[in-house]
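Here it is as structure tokens:
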């Protein structure tokens, strides 16, 4: 297959998601020759779906969890896994290639929207600017997450084959990751300002409700999303590297603007009943592999002496002895195999004899109505706490830490037994010990959070550790990014000397560009590799 970053058509990838758009759109969408007949509103929906042959990375799909998140959950140790010699840090190039291709399929969709908008007259542009702007926010979110993993990558000139018939000229040069982040911070500021001043017509409002399946046309949520995303990016590059000064100024701006600060206003996607049913496969993915706790995660949630983190009850199930036990990097592979359960680890122990704790079945593996987070209030409060702790802005760092803990706890209890469409859907118990629990209340969580704050002598460690717990098995790429830039939580990463490929003997600092990119875009690849060595050991500019 030709690389998507080089040769983009990208207009036939949305078949099967008619529930998110009308049948006319589906028919037009599958015919590139009719692209001009598709409205910008429906092209925006296509960007949000970000789908390629059922392989989705923007939301918690089975494919993302199984082929992608599992890599970074190992790196971040947000799940427990076997210390299997020769396979500790391995990342299959085919999966890396699939993620790379999927991003550029999404980008091609945005380029189609961009091209259509640019060809319109002023009246049409006034109507369609809102769809273009919302799509761009979503693209920037995905782009910066890709840059977090790969570093430099094609962007500004990528996915333009539909606008340029010269294939050679359409081969995309790599953008410097510094410029990717800088441009993201600038554009999000501009997009935020545009959203706060736009006056929507009744037709635009009605169309957004129909086409925006993320925020259902709620501009206040998009405004908070844009500003919170800008805060995330700024904090990520504020500690070290080229953008520290710019980023710290951006953080000050963001703190004075609306943010996602309440769990009820998270940017998230509900698994629902209209055909967008990623939830079944995602749920089943957790029943297959890597649903065992990691011991560092258990330790973090038992940091307060004699008291468990309120999230622990709904995140993990106790073992057969009524204890919370996770897999540790200090255990041997043989020990783990001998203590594995037949329930999902192909081990000798029956369920009633299971040694390790598993992801709670009511919250995760038996949850038909799982909520896929895009950007949560808990993350925002922890970002604010980090910025205050580092002296980049003023504020009450402990208060933000406590608010982060409360928002995170609410989120997981809502996952455990949440309401959708005004109805309550209790999760299905897939094991005898799954728990459906009521939220304890803000006061109880606040009391625990204050104890947790006092249990850490290093307050940045406290913030990053509890944020890492929050990301957990659901957002492991974010967890790994935080570890690389802050060093917290401090985890054990032994060398995998049995691995024949030297690239995967130690914990990587970045993900290598896929081999197919080197083959199909060799000139630009070689030019990029001369600047940023294409090695897992290469540190990105913002890393500690």
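Residue numbers (this note's numbering): 119 to 662.
Glycine residues also receive a C-beta, built at the ideal position from the N, C-alpha and C atoms.
Quick caveat: nothing in here was measured; it's all calculated off a predicted structure.
Original post:
What residues match up with residue 489 in a beta bridge as DSSP calls it?
Top reply: According to DSSP, residue 489 bridges with 388.
Subject >> Segment contact flag, the stretch 318-329 with the stretch 360-367, C-beta cutoff 8 angstroms, min 3 pairs >> reply: No, they do not touch.
Subject >> Residues that DSSP places opposite residue 198 in a beta bridge >> reply: Its beta-bridge partners are 410.
Original post:
Applying the criterion that 16 or more other CB atoms from any shown protein chain within 10 Å of the CB defines a buried residue, is residue 612 buried or exposed?
Top reply: So residue 612 counts as exposed.
**OP:** Within the same chain, show all residues whose beta-carbon is closer than 8 angstroms to that of residue 257, passing over the 5 residues directly before and after it, in chain order.
**Re:** Within the same chain, residue 257 has close Cβ partners 165, 224, 225, 228.
**OP:** Between the Cα of residue 577 and those of 530, 616, 520, 593, spot the shortest distance and give me the residue it belongs to.
**Re:** Ranking the options by Cα distance to residue 577, first place goes to 520.
Original post:
What is the rounded straight-line gap between the Cα of residue 493 and the Cα of residue 596?
Top reply: Cα atoms of residue 493 and residue 596: separation of roughly 11 angstroms, rounded to the nearest angstrom.
Original post:
So, using beta-carbon positions, are residue 573 and residue 422 closer together than 9 angstroms?
Top reply: For residue 573 and residue 422, yes; Cβs fall inside 9 angstroms.
Original post:
In this structure, does DSSP put residue 662 in helix, strand or coil?
Top reply: The answer is coil: DSSP assigns residue 662 none of H, G, I, E or B.
Original post:
So, is residue 174 buried or exposed, given that buried needs 16 or more other C-beta atoms within 10 angstroms?
Top reply: Buried is the call here.
Original post:
Based on Cα-Cα distance, which residue from 207, 185, 156 lies nearest to residue 619?
Top reply: Selection 207, 185, 156 evaluated against residue 619 yields 207 as nearest (Cα-Cα).
**OP:** Out of 189, 510, 610, point me to the one whose CA is closest to residue 408's CA.
**Re:** Per the Cα distances, 189.
Original post:
Given 8 angstroms as the limit, is there contact between the stretch 297-310 and the stretch 199-217, that is, 3 or more CB pairs closer than that?
Top reply: Verdict: no, contact absent.
Subject >> Where residue 267 sits in the DSSP three-state scheme >> reply: Helix, per DSSP.
Original post:
Roughly how many angstroms lie between the CA atoms of residue 510 and residue 660, to the nearest whole one?
Top reply: Going by the C-alpha atoms only, they are around 16 angstroms apart.
**OP:** Determine the extent of the alpha helix (DSSP H) in which residue 314 is found, giving its start and end residues.
**Re:** That run of the alpha helix (DSSP H) goes 295-315.
Original post:
Does the beta-carbon distance from residue 272 to residue 384 come in below 9 angstroms?
Top reply: The answer is no: Cβ separation not under 9 angstroms.
Original post:
According to DSSP, is residue 379 helix, strand or coil?
Top reply: In this structure, DSSP gives residue 379 a state outside helix and strand, which the three-state scheme calls coil.
Original post:
Mind checking whether residue 523 and residue 562 have CB atoms under 9 angstroms apart?
Top reply: No. Outside cutoff.
Original post:
Is residue 347 near residue 489, with beta carbons less than 9 angstroms apart?
Top reply: Cβ atoms of residue 347 and residue 489: not closer than 9 angstroms.
Original post:
On the three-state DSSP scale, how would you describe residue 594?
Top reply: Note: residue 594 maps to helix in three-state DSSP.
Original post:
Mind checking whether residue 193 and residue 607 have CB atoms under 9 angstroms apart?
Top reply: Cβ distance not < 9 angstroms, so residue 193 and residue 607 don't count as in contact.
Subject >> With 16 other Cβ atoms within 10 Å as the buried cut-off, status of residue 263 >> reply: That one is buried.
Original post:
Where does residue 434 fall in DSSP's three states?
Top reply: In the three-state scheme derived from DSSP, where H, G and I count as helix and E and B as strand, residue 434 is classed as strand.
Original post:
Can the beta-carbon of residue 496 be found less than 9 angstroms from the beta-carbon of residue 585?
Top reply: Between residue 496 and residue 585, the C-beta gap is smaller than 9 angstroms, which places the two residues in contact.
Original post:
Where does the unbroken alpha helix (DSSP H) through residue 159 begin, and where does it stop?
Top reply: Note, residue 159: alpha helix (DSSP H), 158-167.
Original post:
Apart from the five residues on each side of it in sequence, which residues of its chain come closer than 8 angstroms, Cβ to Cβ, to residue 642?
Top reply: Excluding sequence neighbours, residue 642 sits near 272, 289, 290, 291, 292.
Original post:
Quick one: what's residue 292 bridged to in DSSP?
Top reply: Residue 292 is bridged by DSSP to 272.
Original post:
What are the boundary residues of the alpha helix (DSSP H) that includes residue 514?
Top reply: Premise fails: residue 514 is in no alpha helix (DSSP H) and is neither H nor E.
Original post:
Counting along the chain, where does the alpha helix (DSSP H) carrying residue 563 start and finish?
Top reply: Here the alpha helix (DSSP H) through residue 563 covers 560-573.
**OP:** Assign residue 645 to one of three DSSP states: helix, strand, or coil.
**Re:** Residue 645: helix per DSSP, three-state reduction.
**OP:** Give the C-beta separation of residue 623 and residue 658 to the nearest angstrom, bearing in mind that I take them to be a contact with Cβ-Cβ under 8 angstroms.
**Re:** That belief does not hold up - the Cβ atoms of residue 623 and residue 658 are roughly 20 angstroms apart, past 8 angstroms.
Original post:
How is the alpha helix (DSSP H) around residue 325 delimited, first residue to last?
Top reply: Following the DSSP letters along the chain, one finds residue 325 inside the alpha helix (DSSP H) bounded by residues 320-329.
**OP:** Quick one: residues in its chain with C-beta nearer than 7 angstroms to the C-beta of residue 516, no 5 flanking neighbours on either side, listed in chain order?
**Re:** Within the same chain, Cβ atoms closer than 7 angstroms to the Cβ of residue 516 are found at 571, the five residues on either side in sequence being excluded.
Original post:
Between the stretch 437-445 and the stretch 469-485, do three or more beta carbon pairs fall short of 8 angstroms?
Top reply: Taking 8 angstroms as the limit for Cβ pairs, the verdict is that the stretch 469-485 does touch the stretch 437-445.
Original post:
By a C-beta neighbour count over all protein chains shown, 10 Å radius and 16 as the cutoff for buried, is residue 456 buried or exposed?
Top reply: The residue in question, residue 456, is exposed, as its Cβ has fewer than 16 Cβ neighbours within 10 Å.
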